[in-house]
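The block underneath contains the structure these notes are about, expressed in structure tokens.
Protein chains: 2
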Amino acid sequence: MVTIKDVAKEAGVSVATVSRVLNENGYVGADTRKKVMKAMANLHYSPNEVARSLYKRESRLIGLLLPDITNPFFPQLARGVEDEVNKEGYRLLLGNSDEDVQKELDYIQTFVQNNVVGMVSATNTVDHELYNALQLPLVLLDRTTEDYPSVYSDGREGGRLAAKTILEKGARHITLMKGPAHVKPAQDRYKGAMEMLSEAEVDFSVFSTYSYSFEDATSWAKELFTKYPDTDAVIASNDIVGIAVLHEALKRGKRIPEDVQIIGYDDIPQCSLSYPALSTIRQPAYEMGRQAAQLLIKLIRKENDVDKTIQLPVQLVERSTTRKE
Amino acid sequence: MVTIKDVAKEAGVSVATVSRVLNENGYVGADTRKKVMKAMANLHYSPNEVARSLYKRESRLIGLLLPDITNPFFPQLARGVEDEVNKEGYRLLLGNSDEDVQKELDYIQTFVQNNVVGMVSATNTVDHELYNALQLPLVLLDRTTEDYPSVYSDGREGGRLAAKTILEKGARHITLMKGPAHVKPAQDRYKGAMEMLSEAEVDFSVFSTYSYSFEDATSWAKELFTKYPDTDAVIASNDIVGIAVLHEALKRGKRIPEDVQIIGYDDIPQCSLSYPALSTIRQPAYEMGRQAAQLLIKLIRKENDVDKTIQLPVQLVERSTTRKE
DNA sequence: TTGAAAGCGCTACCAA
DNA sequence: TTGGTAGCGCTTTCAA
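Chains A and B, in that order, are what the protein sequence lines are.
With full-length UniProt numbering applied, the first sequence corresponds to residues 1 to 325, in that order.
With full-length UniProt numbering applied, the second sequence corresponds to residues 1 to 325, in that order.
Printed below as a string of structure tokens:
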């Protein structure tokens with residue numbers, strides 16, 4: 001490993017001088033700079049971030065905590081924060097919590113042990129005591145809360161929009177799927193849809209689900225049609241479940257969207273790959289990730305007048321599982 | 001921040017002693033140990049990994065380099081390595097390279113700057129000069145090569161299996177999709193299928209694709225049926241493309257699997273969510289990730305007699321896009 | 001069985 | 001404009 005000392009020797013100057021040209025601060029003569037630069041190039045010198053981090057008490061690392069990258073909504077989110085964070089020279093320490101508080105704790109500990117400068121968390125279990133104790137800039141992603149800076153999309157509006165769409169397209173027997181209780185954004189959209197449905201004059205049923213896993217999605221779908229066989233429209237709790245419902249309907253010989261309309265939520269990439277392509281409410285996941293990163297970086301830099309709550313708009317994407325009016 | 005010094009003071013011992021109980025090495029008296037433990041608990045002490053890393057010249061971090069986590073095959077892989085690595089107390093520094101050599105370089109630099117103990121790379125652009133210069137334990141994932149430790153699945157066999165399956169089920173006009181040229185595993189499976197097809201007495205066409213993106217998949221599918229309208233079986237380059245082909249076929253009024261059979265590759269989770277559910281060749285992605293992590297850790301520990309090339313078996317998953325014989 | 005102290009690579013203060 | 005050096009928090013020798 002080539003250190004700052006080696007560079008100093010090669011250039012015939014002191015380590016202090018090398019440090020100065022490295023960090024572009026303090027006075028350093030033009031030709032001294034040149035000598036040092038040359039020495040650095042010769043030796044392929046690259047500063048040791050660990051040593052820097054130790055002294056400055058902060059690294060160029062940012063912690064990203066996710067529930068599970070395996071869930072298709074999160075890779076987009078993650079990519080958004082990564083790309084944005086990279087722009088500013090930061091890198092990501094990644095953790096999947098599986099909604100397990102212990103794992104979350106462990107990761108947070110790792111983050112501080114490694115001097116991360118900030119963290120973004122897309123976890124559902126915001127342990128307030130824990131996060132309050134945290135001395136780090138933190139932004140919550142895909143979560144709405146008063147207590148911490150956060151970026152999220154308008155779940156209530158999304159739910160309303162989903163319901164409104166289904167309503168306008170003449171559904172008579174709507175089944176509203178309620179996502180897992182501990183997933184806050186799922187509850188928001190549920191409430192939004194609920195509001196809209198309650199105001200309208202239609203029959204509807206509520207079908208509760210307790211997970212978002214691929215494996216379970218198919219079972220929920222089966223159960224739904226068994227329980228509510230005359231359903232002619234379902235507002236799914238997310239796209240995965242929506243696609244499962246779609247295929248279950250197809251299996252049962254229903255025509256889509258003539259007999260059953262379906263609207264999903266999220267707009268994960270594979271929506272357009274379902275057949276018929278799933279209509280859905282789009283959350284701008286990649287953009288959410290980017291904005292979360294931007295916000296975090298502003299917080300890290302202690303900028304003034306930063307808006308600590310960013311709500312991104314949600315959008316109807318009409319594809320082929322809703323009627324064309 | 002509470003440091004080892006604070007603990008030492010609280011316990012009335014020296015920092016050296018605290019360090020000893022922390023690392024469970026060297027002699028330390030039973031009651032001294034107890035005092036120290038208590039002090040650590042009182043102060044909620046958690047050692048600074050950065051300081052440790054600086055002294056030992058290695059962190060508890062492992063670098064993971066991926067092409068793009070947004071591609072549904074990779075989250076599984078990533079999760080596999082994360083889970084395994086966590087078991088041994090390591091954490092992940094994550095990077096997406098987008099198959100861009102410069103980004104890859106930058107990430108690798110970050111990895112060494114942060115004293116990672118090893119890295120796993122699932123990138124296609126193995127720049128040998130670069131990797132050779134690297135002084136780190138490295139394992140290649142989803143890549144077959146003689147030059148570095150690697151874990152991958154048997155692509156050639158997978159290709160053969162896909163072709164064999166299609167052949168046995170009575171296809172007459174097969175279209176074999178060839179994946180992007182720079183993606184080595186895609187070429188392996190292509191070659192395998194090609195071998196099998198060449199030996200058989202059937203007509204077949206080769207259709208070349210240059211990307212794996214969601215957006216492009218649909219275009220490939222359209223183009224395929226325009227170019228080869230009498231195709232009655234397609235061996236897709238991966239599941240995404242397979243699903244796109246499936247839906248394009250459906251759009252064109254073909255019955256699946258009666259008129260057209262389709263076989264994918266990878267077995268990403270959303271396969272079972274397509275309709276009809278996509279038959280495919282399964283790569284054990286999660287397991288591949290785990291094994292890569294295990295191998296890397298063995299390498300890090302300089303264990304002897306470790307098998308540096310791990311080939312995992314591939315497996316036919318018959319669902320509904322291939323005939324039942 | 002314990003403590004003092006050097007040193008990991010770097011930054012930043014103070015002096016020259 | 002430069003260099004010497006203390007010190008970031010930890011581990012590990014060496015001595016006691």
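Note that beta-carbon positions come from the ideal geometry of N, C-alpha and C, so glycine has one too.
Taking only the alpha-carbon atoms, compute the straight-line gap between TYR45(B) and ALA181(A) and give it to the nearest angstrom.
Their backbone Cα atoms lie some 35 Å apart in a straight line.
What residues in its chain sit with their C-beta under 7 Å from that of ASN114(B), if we drop five residues either side in the sequence?
For ASN114(B), where only same-chain residues beyond five positions count, the Cβ hits under 7 Å are SER59, LEU61, LEU93.
Answer yes or no: does any C-beta atom of chain A fall closer than 9 Å to that of VAL120(B)?
Taking Cβ atoms only, chain A never reaches closer than 9 Å to VAL120(B), which makes this a no.
On the CB-based measure, 16 or more other CB atoms within 10 Å of its CB, does SER274(B) come out buried or exposed?
Result: buried.
What residue ranges within the region 253-302 of chain B form continuous alpha helix (DSSP H) runs of no fewer than 4 residues, ordered along the chain?
Qualifying alpha helix (DSSP H) stretches, in chain order: 285-300.
Check each candidate in VAL21(B), GLU146(B), GLY12(B) and name the one with the smallest Cα separation from ASP307(B).
With distances taken between Cα atoms, ASP307(B) lies closest to GLU146(B).
I'd like to know whether the C-beta atoms of ILE235(B) and MET177(B) end up nearer to each other than 9 Å.
Yes, Cβ-Cβ distance for ILE235(B) and MET177(B) is below 9 Å.
With a cut-off of 8 Å, do at least 3 Cβ pairs link the region 249-266 of chain B to the region 224-233 of chain B?
With a cut-off of 8 Å, the region 224-233 of chain B and the region 249-266 of chain B count as touching, because enough Cβ pairs lie within range.
Nearest by alpha-carbon distance to LYS35(A): which of ALA51(A), ALA11(A), LEU43(A) is it?
It is ALA11(A).
Given a cut-off of 9 Å on the beta-carbon distance, is the pair LEU167(B) and ALA200(B) in contact?
The answer is yes: Cβ separation under 9 Å.
Just mark PRO313(B) as buried or exposed, buried being the case when its beta carbon has 16 or more other beta carbons within 10 Å.
Exposed, by the Cβ-count rule.
Once you ignore the five residues that flank PRO75(B) on each side, which residues in its own chain have a CB closer than 8 Å to its CB?
Within the same chain, PRO75(B) has close Cβ partners ILE69.
Where DSSP assigns a beta bridge to VAL116(B), which residues make up the other side?
In the DSSP output, where bridge partners are listed per residue, VAL116(B) has none listed.
Counting pairs of Cβ atoms below 8 Å between the region 23-42 of chain A and the region 91-106 of chain B, do you hit three or more?
No contact exists between the region 23-42 of chain A and the region 91-106 of chain B.
In or out: ALA249(B) buried (at least 16 other Cβ within 10 Å) or exposed?
Buried is the call here.
Taking C-beta pairs closer than 7 Å, name the residues in chain B that ASN48(A) reaches, listed in chain order.
Chain B residues near ASN48(A): GLN113.
Could you please give the first and the last residue of the uninterrupted alpha helix (DSSP H) stretch that includes ALA30(A)?
It spans 30-43 - the alpha helix (DSSP H) in which ALA30(A) sits, taken as one unbroken run.
Can the beta-carbon of residue 330(A) be found less than 9 Å from the beta-carbon of GLU195(A)?
A question about residue 330(A) goes unanswered here, because the residues of chain A that appear run from 1 up to 325.
What are the partner residues of VAL139(A), as DSSP defines its beta bridges?
VAL139(A) pairs with VAL120(A).
Whose C-alpha, out of VAL2(B), ALA163(B), GLU325(B), is nearest the C-alpha of THR280(B)?
Among VAL2(B), ALA163(B), GLU325(B), the Cα nearest to that of THR280(B) is on ALA163(B).
Which residues in the same chain have their Cβ closer than 6 Å to the Cβ of SER205(B), if we skip the five residues on either side of it in sequence?
These residues qualify, in order along the chain: THR175, TYR228.
Identify each residue in the region 65-82 of chain A for which the Cβ-Cβ distance to at least one residue of chain B is less than 9 Å, and report them in chain order.
Those residues of the region 65-82 of chain A that come within reach of chain B (Cβ to Cβ, closer than 9 Å) are ASP68, ILE69, THR70, ASN71, PRO72, PHE74, PRO75, GLN76, ALA78, ARG79, GLU82.
Of all the residues that make up the region 227-253 of chain A, which are near chain B by a beta-carbon distance shorter than 8 Å?
Answer in chain order: ILE240, ILE243, ALA244, LEU246, HIS247, LEU250, LYS251.
In angstroms, rounded to a whole number, what distance separates the CA positions of ASN304(A) and PRO137(A)?
Their Cα atoms are separated by approximately 14 Å.
Please check if any C-beta of chain A sits within less than 9 Å of the C-beta of MET1(B).
Closer than 9 Å to some Cβ of chain A, the Cβ of MET1(B) qualifies, so yes.
Taking Cβ-Cβ distances below 7 Å as the criterion, which residues of the region 90-103 of chain A are in contact with chain B?
Answer set for the region 90-103 of chain A: ARG91, LEU92, LEU93, LEU94, ASN96.
What residues are listed by DSSP as bridge partners for LYS178(A)?
LYS178(A) pairs with SER208(A).
Within the 9 Å Cβ cut-off, does GLN261(A) reach chain B?
For GLN261(A), the answer is no, since every Cβ of chain B falls outside 9 Å of its Cβ.
Going along the chain, which residues of its own chain have a beta-carbon closer than 6 Å to the beta-carbon of ASP266(B), five neighbours each way excluded?
PHE73, ASN238, ASP239, GLN283, listed in sequence order.
Please classify TYR107(B): does DSSP put it in a helix, a strand, or coil?
Helix.
Give the single residue among THR226(B), GLU157(B), PHE225(B), GLU215(B) whose Cα lies nearest to the Cα of LEU197(B).
Selected option, being the one with the closest Cα: GLU157(B).
List, from N- to C-terminal side, the beta strand (DSSP E) runs of 3 residues or more that fit wholly inside the region 58-82 of chain A.
Runs found: 61-66.
Could you check whether the Cβ of PHE225(A) sits closer than 9 Å to any Cβ belonging to chain B?
Output row for PHE225(A): interface = no.
Give the single residue among CYS271(B), PHE207(B), LEU105(B), LEU65(B) whose Cα lies nearest to the Cα of GLU215(A).
The shortest C-alpha separation from GLU215(A) is found at CYS271(B).
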